[in-house]
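Residue numbers (my numbering): 1 to 134. We put the CB at the ideal spot given by N, CA and C, even for glycine. Written out below as structure tokens is the structure these notes cover.
Printed below as a string of structure tokens:
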């Protein structure tokens, strides 16, 4: 599996006083998509923790392209962008489902930590195999 998607209808609680999605909520949608992606490849965060691995977000970059509005359905698409020695980059794009209007895009960098020492560790081969090549 090289990518995953998460759909969400924008709710009143997602919006700010301007009636548009409050910017940090876009990253919540991306986090939901990434959580589903990890689970879809058989690597739930709980399963990784049992193996002593804790993937943590080290960096996020997001460009806001247009505003999502209440009632719209937004789709967050995520996929592997690349691998480092101890890190993985996930690219994301959020679109309005009906028009395919771009809402936001960017990337997140996850670093693999040892669950006990909290120090970076090399990405295990089984993680690379589960997500596949970018």
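Residue 94 and residue 80 have their alpha carbons spaced roughly 15 Å apart. In the DSSP assignment, the residues bridged to residue 93 are 77 and 105. Secondary structure in the region 28-78: the alpha helix (DSSP H) runs of 4 residues or longer, each lying completely within the stretch, are 45-50 in chain order. Collapsing the DSSP output to three states places residue 128 in a helix.
When the five nearest sequence neighbours on each side are left out, the beta carbons in the same chain lying within less than 7 Å of the beta carbon of residue 68 are those of 10, 20, 21, 74, 96 and 103, in order along the chain. Residue 126 counts as exposed, since fewer than 16 other beta carbons sit within 10 angstroms of its beta carbon. Residue 116 sits in coil when the DSSP states are folded into three classes, being neither helix nor strand. Shown here, residue 13 sits in a helix according to DSSP, grouped into three states. Taking C-beta atoms as the reference points, residue 4 and residue 40 count as a pair closer than 8 Å. Straight across, the Cα-Cα distance linking residue 36 with residue 18 is about 30 Å. Residue 62 is positioned such that its CB atom lies no closer than 8 Å to that of residue 6. DSSP lists 69 as the beta-bridge partner residues of residue 20. Residue 60 is positioned such that its CB atom lies no closer than 8 Å to that of residue 111.
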